[in-house]
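So the sequences go chain by chain: A and B.
Position one of the first sequence corresponds to residue 9 (our numbering), numbered consecutively onward.
Position one of the second sequence corresponds to residue 16 (our numbering), numbered consecutively onward.
Note that beta-carbon positions come from the ideal geometry of N, C-alpha and C, so glycine has one too.
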Amino acid sequence: MGGQACVLYGAAEFSRDTDLAILASPENLSRLRAALADLQAEVIAVPPFELKHLRKGHAIHFRCHTPEADGMRVDVMTRMRGVDVFARLWPRRTTLGAEDGTSYELMSLPDLVKAKKTQRDKDWPMIRRLVEADYFRQRDKPTQQQVGFWFLELRTPELLIELAETHAQICRRLIKQRSLLKLVAAGKENDLTAALAEEERLEREADREYWMPLKAELEELRRARLRKP
Amino acid sequence: MITAEQLVGEELAEWYLLTPQERWQESGKLWAIFFSLGGSLDPEPDTQSPFFDPDAPSSRSLDGRSGLRSIRRGGV
Chain A
9 MGGQACVLYG
19 AAEFSRDTDL
29 AILASPENLS
39 RLRAALADLQ
49 AEVIAVPPFE
59 LKHLRKGHAI
69 HFRCHTPEAD
79 GMRVDVMTRM
89 RGVDVFARLW
99 PRRTTLGAED
109 GTSYELMSLP
119 DLVKAKKTQR
129 DKDWPMIRRL
139 VEADYFRQRD
149 KPTQQQVGFW
159 FLELRTPELL
169 IELAETHAQI
179 CRRLIKQRSL
189 LKLVAAGKEN
199 DLTAALAEEE
209 RLEREADREY
219 WMPLKAELEE
229 LRRARLRKP
Chain B
16 MITAEQLVGE
26 ELAEWYLLTP
36 QERWQESGKL
46 WAIFFSLGGS
56 LDPEPDTQSP
66 FFDPDAPSSR
76 SLDGRSGLRS
86 IRRGGV
């Protein structure tokens, strides 16, 4: 669900870790523990690898020591702000097959875009590129669902305006879900750029607020770790 | 109709139009170069991430060397 998924969906990112969204159940955690043991993975930061922390929305951070993946970072999460629960994400996933027979299960593009709406600078150009890449690949014969996704998630003013030229009705229908679409319909590019920046600012602020209590918990866990003899 | 080249330039437009499998292969080539130069798997410190922990231990580079180093500095 992280940088590796972004590469597969078309954004250009060189990511050095692997982020996994998992179902937080005792059975699944047992399977994950076995897989991590194969990778000789150790937890490298707080919180410890426990179900209660995953269920609260924390990520667990591992580093692998098996020779084929020595030093590789793996982050595991189960809950993300603004993203559906795992049981709903899984049926929507994308499965990609590699030539060697390996298959990769990726969070769906709309879900990945939601997961990327964080407080970090680097996630926002990534969202823009992910949706642009999808638009350029599919715009010749899009489904209604794809057009809806682009209207709700494109962050490129020129493309939003272009899309509205051929799908004005869908654009009007979605104004209730994304208010800046009224500027799209009017073709106001400068106003649209400002509205997109404001939309980003509000999301980043919401993410900071969401993380405030979780960060306090992480701080407390770090202090407890330091107090340990 | 706006083209990808007009919007993001030739290089990124080309990347957009690759299949996921092709991107995976290209990404693999970058990894090979990165490792051959002594690149480390430690992610860049992400100070904006809520998970950022300044005390988290870092790993050594894959080959035990210190990775890229400056050989000559240009003037400013």
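For residue i, count neighbouring C-beta atoms within 10 Å of its own C-beta (all shown protein chains included) and say buried if the count is 16 or more, exposed if not.
i: F22/A; result: exposed
i: Q185/A; result: exposed
i: I169/A; result: buried
i: D108/A; result: exposed
i: T86/A; result: buried
i: D131/A; result: buried
i: Q12/A; result: buried
i: G18/A; result: buried
i: L191/A; result: buried
i: L167/A; result: buried
i: A123/A; result: buried
i: L32/A; result: A quick correction: the sequence has Ala, not Leu, at residue 32/A. So A32/A counts as buried.
i: P65/B; result: buried
i: A176/A; result: exposed
i: L40/A; result: buried
i: A232/A; result: exposed
Taking the alpha carbon of residue i as the reference point, which residue from the options has its own alpha carbon closest?
i: R212/A; options: L162/A, R235/A, T126/A; result: T126/A
i: P34/A; options: L226/A, F57/A, W132/A, Y17/A; result: F57/A
i: D68/B; options: K64/A, A53/A, G65/A; result: A53/A
i: G195/A; options: E140/A, A172/A, A205/A; result: A172/A
i: P99/A; options: S38/A, M115/A, G109/A; result: M115/A
i: T164/A; options: P150/A, E208/A, A176/A, T151/A; result: E208/A
i: V155/A; options: A95/A, V91/A, P118/A, D131/A; result: P118/A
i: A202/A; options: A214/A, A19/A, L188/A, D215/A; result: L188/A
i: R24/A; options: D61/B, D57/B, V23/B, T62/B; result: D57/B
i: L160/A; options: R96/A, R181/A, A232/A; result: R181/A
i: D215/A; options: V91/A, D78/A, H61/A; result: V91/A
i: A20/A; options: Q40/B, S51/B, M16/B, T18/B; result: Q40/B
i: I178/A; options: E166/A, V15/A, Q152/A; result: Q152/A
i: G65/A; options: P237/A, L222/A, L204/A, E113/A; result: L222/A
i: E133/A; options: A205/A, I30/A, P237/A, L44/A; result: According to the sequence as given, residue 133/A is Pro; it is not Glu. Cα-wise, what sits closest to P133/A is A205/A.
i: L97/A; options: A106/A, T174/A, L104/A, E113/A; result: E113/A
Once the 5 residues before and after residue i are set aside, which same chain residues still bring their CB inside 7 angstroms of it?
i: D78/B; result: The pLDDT assigned to D78/B is 49, lower than 50, so where the model puts this residue is not dependable; a value taken from the coordinates is nonetheless given after this. If we look at D78/B and ignore the five residues flanking it on each side, its Cβ neighbours are G53.
i: E20/B; result: A28
i: L229/A; result: V54, P55
i: L37/A; result: L59
i: V8/A; result: A query on residue 8/A cannot be resolved here, the shown segment of chain A reaching from 9 to 237 and no further.
i: R220/A; result: The sequence shown places Met at residue 220/A, not Arg. Within the same chain, M220/A has no close Cβ partners at all.
i: L200/A; result: P165, L168, L188, L191, V192
Going along the chain, which residues of its own chain have a beta-carbon closer than 8 angstroms to the beta-carbon of residue i, five neighbours each way excluded?
i: E50/A; result: F70, R71, H73
i: D83/A; result: G10, D25, T26, D27, L28, A67, I68, H69, F70
i: A77/A; result: L47
i: S111/A; result: T103, L104, G105
i: V93/A; result: R87
What does a CB cutoff of less than 6 angstroms around residue i pick up in its chain, not counting 5 residues either side in sequence?
i: R63/A; result: A32
query = For the stretch 25-51 of chain B, which residues have a beta carbon sitting closer than 8 angstroms to at least one beta carbon of chain A?
reply = L27, A28, W30, Y31, L32, L33, P35, Q36, R38, W39, S42, L45, F49
key: Under 9 angstroms (Cβ pairs) to chain B, residues found in the stretch 83-109 of chain A   = D83, T102, L104, G105, A106, E107
inquiry  = Give the list of continuous alpha helix (DSSP H) stretches no shorter than 4 residues that lie fully inside the stretch 52-76 of chain A.
reply    = 59-64
request  = Just list the alpha helix (DSSP H) runs in the stretch 129-159 of chain A, keeping only unbroken ones of 4 residues or longer that don't cross its boundaries, in chain order.
outcome  = 131-146
query = Can you list, in chain order, the residues of the stretch 111-134 of chain A whose Cβ is nearer than 7 angstroms to any Cβ on chain B?
reply = Q127, R128, D129
key: chain B contacts from the stretch 54-76 of chain A (Cβ-Cβ distance under 9 angstroms)   = V54, H66, A67, H69, R71, C72, H73
request  = Please go through the stretch 90-132 of chain A and give each complete beta strand (DSSP E) segment of 3 or more residues, from N-terminal end onward.
outcome  = 102-105, 111-114
Residues of the stretch 156-170 of chain A whose Cβ lies closer than 8 angstroms to any Cβ of chain B, in chain order = T164, E166, L167, E170
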